[in-house]
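Q: To start, I am sharing the structure in question, which I have written as structure tokens.
In structure tokens form, the structure reads like this:
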């Protein structure tokens with residue numbers, strides 16, 4: 371049979387192989403057939419056939435083993451199943467297709483004749499088109515999820531672009547990540563971007579702030595507890611690790627976890643198992659852990675306040691969220707984003723910002739980072755009159771910056787936000803061109819725009835090497 375199949379492939383004929391086991395699947399995959407149809411294995415008759423017919427989990431395992439064998443050799447071979455039985459039920463069929471990643475089902479437990487060549491060709495062509503479309507849809511969904519995950523991260527500065535690249539690289543690697551940075555720099559946004567850009571995007575994203583929960587309750591929050599396991603445990607509680615099974619657990623302020631609890635956290639990371647408080651039953655989980663801290667964990671390790679082995683388990687890859695003072699050129703973009711949010715939140719149709727306000731915002735060093743900037747813009751919007759944010763709407767401590775004009779010299783009092791955004795766009799493009807030694811292709815890739823768009827911007831701002 372293998373010899374005839376290989377000859378058919380060599381002649382360019384469309385070939386469908388019907389297989390019963392992994393050995394046959396391997397041989398047909400190596401023969402480079404177009405499609406493998408896995409037999410469900412219950413037509414042998416007797417008690418064995420009846421038992422297998424009733425056991426859908428056994429069918430799923432059989433088919434998955436066959437298809438994984440085929441994929442390891444040639445991932446382009448199409449997958450089908452045949453063999454009749456109870457998966458003709460549409461509910462069970464959908465479950466089966468989802469679990470086994472198969473394209474479809476050929477009914478009937480036996481075949482009296484194989485289709486003629488032209489029919490096979492049409493059938494395989496149809497499935498190839500369907501398979502291609504399915505893959506394109508999956509790819510499109512992944513791209514949309516990625517775009518959605520980055521929507522709340524604002525900034526075109528070089529330091530932010532470098533952070534985006536790192537997020538993109540680590541997202542699908544399924545390793546634990548430690549996000550560190552000052553308070554207010556957007557560590558949670560980075561964590562969510564990683565999760566929603568990963569293969570776990572459809573699974574749970576569970577957050578816990580380790581700094582806001584009393585030490586005695588944190589273990590229960592993480593691992594859950596049984597009824598009556600301690601005073602006040604009136605009912606069973608599911609912990610965050612169980613809730614995040616298959617998805618991502620975000621441990622915010624991980625540096626605040628007590629040293630005694632750290633050993634239990636280490637065990638989960640190493641063994642992927644734990645017990646609820648008050649229980650001896652071991653629970654296994656598949657959880658990706660992303661942690662965040664504004665502390666120097668190296669210093670905490672040196673002082674004996676944080677376990678070194680736990681630190682390495684959490685810190686497979688680290689991402690630093692930069693303080694706002696290191697990328698002030700992103701302030702106009704951030705302000706523009708916040709104004710859009712404020713207009714939607716408070717149902718405001720028009721909201722402008724006085725140009726002189728930008729001078730002050732650019733001079734200030736923002737110890738509270740992006741969070742402080744957002745809070746001040748929202749406060750100023752609430753206090754503003756005639757739908758324009760002015761200097762007097764800012765807190766008093768900004769007054770000492772009002773006379774400095776290092777970043778803007780507005781020629782008109784009514785200059786709008788677009789003019790200032792254009793100024794910074796020009797500077798960002800110029801910086802990128804210099805960074806890439808005026809290579810427009812590389813510069814366009816770095817900025818995430820097309821080469822044509824970059825060319826138009828260069829002409830617009832009269833940028834010349």
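Numbering (this note's numbering), first residue to last: 371 to 835. Note that the Cβ used here is the ideal one computed from N, Cα and C, for glycine as well.
1. Check whether the segment 694–708 touches the segment 592–606, taking contact to mean three or more Cβ pairs, one atom from each stretch, closer than 8 Å.
2. Hey, does residue 597 have any beta-carbon neighbour from chain D nearer than 8 Å?
3. From residue 764 to residue 588, what does the alpha carbon distance come to, in whole angstroms?
4. Using DSSP with H/G/I as helix, E/B as strand and the rest coil, what is residue 646?
5. Please report the distance separating the alpha-carbon of residue 679 from that of residue 688.
6. Have a look at residue 419 and residue 428 and give me their C-alpha separation to the nearest angstrom.
7. If you reduce the DSSP assignment to three classes, tell me which class residue 387 lands in.
8. Could you check if residue 404 is buried or exposed, using at least 16 other CB atoms within 10 Å of its CB as the buried criterion?
9. Can you tell me whether DSSP reads residue 577 as helix, strand or coil?
10. Which residues mark the beginning and the end of the alpha helix (DSSP H) in which residue 752 is found?
11. Report the residue from 730, 810 and 748 whose alpha carbon sits nearest the alpha carbon of residue 761.
12. Please go through the same chain and pick out, in chain order, the residues whose beta-carbon is closer than 8 Å to the beta-carbon of residue 585, but skip the five residues on each side of it.
13. Whole alpha helix (DSSP H) runs in the segment 522–588 with 4 or more residues, listed along the chain?
14. Report the partner residues of residue 619 according to the DSSP bridge assignment.
15. Helix, strand or coil, according to DSSP, for residue 444 in the structure here?
16. According to DSSP, is residue 682 helix, strand or coil?
17. Residue 704 and residue 743 look like a contact to me (Cβ under 8 Å); what is the Cβ gap, rounded to whole Å?
18. Identify which residue in 646, 670 and 642 has its Cα closest to the Cα of residue 657.
19. Quick check on residue 562: buried or exposed, where buried means 16 or more other Cβ atoms within 10 Å of its Cβ?
20. Looking only at its chain, what residues have a beta carbon closer than 6 Å to the beta carbon of residue 713, apart from the 5 residues adjacent to it on each side?
21. I'd like to confirm the pairing. Which residues does DSSP put opposite residue 406 in its beta bridges?
22. Which term fits residue 804, buried or exposed, when burial requires 16 or more other beta carbons within 10 angstroms of its beta carbon?
23. So residue 576 and residue 605 are in contact, right, with Cβ under 8 Å, and what is the actual spacing, rounded?
A: Let's see:
1. no
2. No chain D appears in the structure shown, which is made up of a single protein chain.
3. Taking the first residue of the chain shown as position 1, residue 764 is located at position 394. Taking the first residue of the chain shown as position 1, residue 588 is located at position 218. Near 39 Å, if we compare the C-alpha coordinates of residue 588 and residue 764.
4. Here the question's residue 646 lines up with position 276 in the chain shown. Here residue 646 sits in coil by DSSP.
5. Your numbering for residue 679 matches position 309 in the chain shown. Your numbering for residue 688 matches position 318 in the chain shown. If you take the alpha carbons of residue 679 and residue 688, they lie about 15 Å apart.
6. Position 49 of the chain shown, counted from the start, is the residue given in the question as residue 419. Position 58 of the chain shown, counted from the start, is the residue given in the question as residue 428. Residue placement at residue 419 is flagged as unreliable, the pLDDT there being 40, under the threshold of 50; a coordinate-derived value is accordingly withheld.
7. Translated into the one-based positions of the chain shown, residue 387 becomes position 17. Looking at residue 387 - three-state DSSP - the assignment turns out to be strand.
8. By 1-based counting over the chain shown, the position of residue 404 is 34. Buried, because 16 or more other Cβ atoms sit within 10 Å of the Cβ of residue 404.
9. Your numbering for residue 577 matches position 207 in the chain shown. In this structure, residue 577 counts as strand in the three-state DSSP scheme.
10. As a position in the chain shown, residue 752 is number 382, starting the count at 1. Where residue 752 is concerned, the enclosing alpha helix (DSSP H) stretches over 739–753.
11. Residue 761 sits at position 391 when you count from the first residue of the chain shown. Among 730, 810 and 748, the Cα nearest to that of residue 761 is on 730.
12. On the chain shown, position 215 is the one that residue 585 refers to. Excluding sequence neighbours, residue 585 sits near 628 and 631.
13. 528–541 and 557–566
14. Counting from 1 along the chain shown, the entry for residue 619 is found at position 249. For residue 619, which the question treats as bridged, DSSP gives the partners 576 and 659.
15. Reading the chain shown from its first residue, position 74 is the one you call residue 444. Correct three-state label for residue 444: coil.
16. Locating residue 682 in the chain shown gives position 312, counting from the first residue. Three-state DSSP puts residue 682 in a helix.
17. To locate residue 704, count along the chain shown from 1; it is residue 334. To locate residue 743, count along the chain shown from 1; it is residue 373. At roughly 6 Å, the Cβ-Cβ gap stays under 8 Å, so residue 704 and residue 743 are in contact.
18. For the purposes of this step, residue 657 is taken as the residue at position 287 of the chain shown. Closest option to residue 657, judged by alpha-carbon separation, among 646, 670 and 642: 642.
19. Within the chain shown, the letter at position 192 stands for residue 562. By the 10 Å Cβ count, residue 562 comes out buried.
20. Indexing the chain shown from 1 puts residue 713 at position 343. Hits under 6 Å: 721.
21. Against the chain shown, residue 406 aligns to sequence position 36. BP columns for residue 406 point to 387 and 449.
22. Locating residue 804 in the chain shown gives position 434, counting from the first residue. Classification for residue 804: exposed.
23. Mapped onto the chain shown, residue 576 falls at position 206. Mapped onto the chain shown, residue 605 falls at position 235. Between residue 605 and residue 576 the Cβ distance is about 20 Å, and since that is not below 8 Å, they are no contact.
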